[in-house]
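Participant: The structure under discussion is supplied below as structure tokens; questions concerning it will follow.
Numbering (the UniProt record's numbering), first residue to last: 1 to 283.
Set out below in structure tokens:
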């Protein structure tokens, strides 16, 4: 794949997201062997997948750009077909959809499919279920993506939000060539929340509707108490039920404050204008 053709001159850009093994040494060796076509960017620490993806895209200069994981779960054999779809069919982006991953638990598969259903229901931007970051994009598509200035990035949503003519190829899941994933359920859940908050204000509307419903129920309860006092007489008994109601209202308030806090924290991080990543070394 490193051999130029009459129409294609390949260039490889590796991003080291603050690894603690010998990844950087391997990238340096590849660069020394192919200084014209192999380049790398190494972070000062681990900044996360989204920062690594942005750093790679910002370093590209080619007419077409492919994003791939280095564990070879993304089959490079699809690239010729992807190039053909862009050159001869007029697509701006060719994404990929991976079928059910080998060895993936049913719980993880269920949570993944549930996330896509939820975010597509809440957001105006449709994200293709089980879409991978592995894709081939035109220069115009990439320039549009990297022109978006936000610090908090959710690439799957961004790729859909920018529009352009896009199609998808489906492929069988491939075994990981080396290493193991460090993404646990807690991290995946946090990443899902990030995506929902970045591309939907529905949680804020949910908090408004929950508050309105609680207020309506309190009015109905007040009417019931007044009517009962006028018709039957006496006060309404039930301290335990009153305590439960107060706890429920308090829980609803904290829930709504939590949603609001998530959006405020996003605004806070954006206003800091900190870089998405820090480059320790690149060649």
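The C-beta atom is built at its ideal place from N, Cα and C for all residues, glycine as well.
#1: For the putative contact between residue 95 and residue 128, defined by C-beta atoms under 8 Å, what is the C-beta separation to the nearest angstrom?
#2: Which one of 11, 12 and 42 has the shortest CA to CA distance from residue 21?
#3: In whole angstroms, what is the alpha-carbon distance linking residue 75 and residue 169?
#4: Taking only the alpha-carbon atoms, compute the straight-line gap between residue 122 and residue 28 and give it to the nearest angstrom.
#5: At the level of alpha carbons, what is the spacing between residue 226 and residue 220?
#6: Taking the Cβ atom as the reference point for each residue, do residue 196 and residue 259 lie within a distance shorter than 8 Å?
#7: Report all residues from its chain with a CB closer than 6 Å to the CB of residue 56; omit the five preceding and five following residues, and keep chain order.
#8: I think residue 78 touches residue 171, with their Cβ atoms under 8 Å apart; what is that distance to the nearest whole Å?
#9: With DSSP run on the structure shown, which of helix, strand or coil describes residue 148?
#10: I need the DSSP call for residue 141, collapsed to helix, strand or coil.
#11: Quick one: what does DSSP say residue 232 is sitting in, helix, strand or coil?
#12: Cα-Cα, which of 26, 32 and 48 is closest to residue 276?
#13: Starting from residue 39 and walking both ways along the beta strand (DSSP E), at which residues does that stretch end?
#14: Near residue 280, which residues of its chain fall below 7 Å by C-beta distance, leaving aside the five closest residues on each side in sequence?
#15: List the whole-angstrom C-beta distance separating residue 124 from residue 152, where the pair is believed to meet the contact cut-off of C-beta under 8 Å.
#16: Output the distance between the C-alpha atoms of residue 142 and residue 60, rounded to the nearest integer angstrom.
#17: Going by other Cβ atoms of all chains shown within 10 Å of its Cβ, with 16 needed for buried, is residue 156 buried or exposed?
Facilitator: Taking the geometry as given:
#1: Taking the first residue of the chain shown as 1, we reach residue 95 at position 95. Taking the first residue of the chain shown as 1, we reach residue 128 at position 128. Between residue 128 and residue 95 the Cβ distance is about 7 Å, and since that is below 8 Å, they are a contact.
#2: The residue you call residue 21 lines up with position 21 of the chain shown. Taking only the C-alpha atoms, the option nearest residue 21 is 42.
#3: Sequence index remark: in the chain shown, residue 75 carries index 75 (1-based). Sequence index remark: in the chain shown, residue 169 carries index 169 (1-based). One C-alpha to the other measures close to 11 Å.
#4: Here residue 122 corresponds to residue number 122 of the chain shown, with the count starting at 1. Here residue 28 corresponds to residue number 28 of the chain shown, with the count starting at 1. Rounded to whole angstroms, residue 122 to residue 28 spans 44 Å at the Cα level.
#5: By one-based count along the chain shown, residue 226 stands at place 226. By one-based count along the chain shown, residue 220 stands at place 220. Their Cα atoms are separated by approximately 10 Å.
#6: Your numbering for residue 196 matches position 196 in the chain shown. Your numbering for residue 259 matches position 259 in the chain shown. Remark: C-beta atoms of residue 196 and residue 259 do not approach each other more closely than 8 Å.
#7: Translated into positions along the chain shown, residue 56 becomes position 56. Only 13 and 15 meet the Cβ criterion.
#8: Taking the chain shown and counting its residues from 1, the one referred to as residue 78 is at position 78. Taking the chain shown and counting its residues from 1, the one referred to as residue 171 is at position 171. So it is a contact: roughly 6 Å between Cβ atoms.
#9: As a working note, residue 148 is residue 148 in the chain shown. Residue 148 falls in the coil class under three-state DSSP.
#10: Counting from 1 along the chain shown, the entry for residue 141 is found at position 141. Helix.
#11: Here residue 232 corresponds to residue number 232 of the chain shown, with the count starting at 1. Looking at residue 232 - three-state DSSP - the assignment turns out to be coil, as it is neither helix nor strand.
#12: In the chain shown, residue 276 corresponds to position 276, counting from 1. Closest in C-alpha terms to residue 276, from the list 26, 32 and 48, comes 48.
#13: For the purposes of this step, residue 39 is identified with residue 39 of the chain shown, where counting begins at 1. Looking at the DSSP string, the run of the beta strand (DSSP E) that includes residue 39 is 38-43.
#14: Numbered from its first residue, the chain shown carries residue 280 at position 280. Result list for residue 280: 42, 43 and 44, in chain order.
#15: The count along the chain shown starts at 1 and reaches residue 124 at position 124. The count along the chain shown starts at 1 and reaches residue 152 at position 152. The pair is not a contact, with the Cβ atoms about 18 Å apart (cut-off 8 Å).
#16: Locating residue 142 in the chain shown gives position 142, counting from the first residue. Locating residue 60 in the chain shown gives position 60, counting from the first residue. Distance between the alpha carbons of residue 142 and residue 60: 9 Å.
#17: Looking up residue 156 in the chain shown gives position 156. Its Cβ being crowded by 16 or more others within 10 Å, residue 156 is buried.
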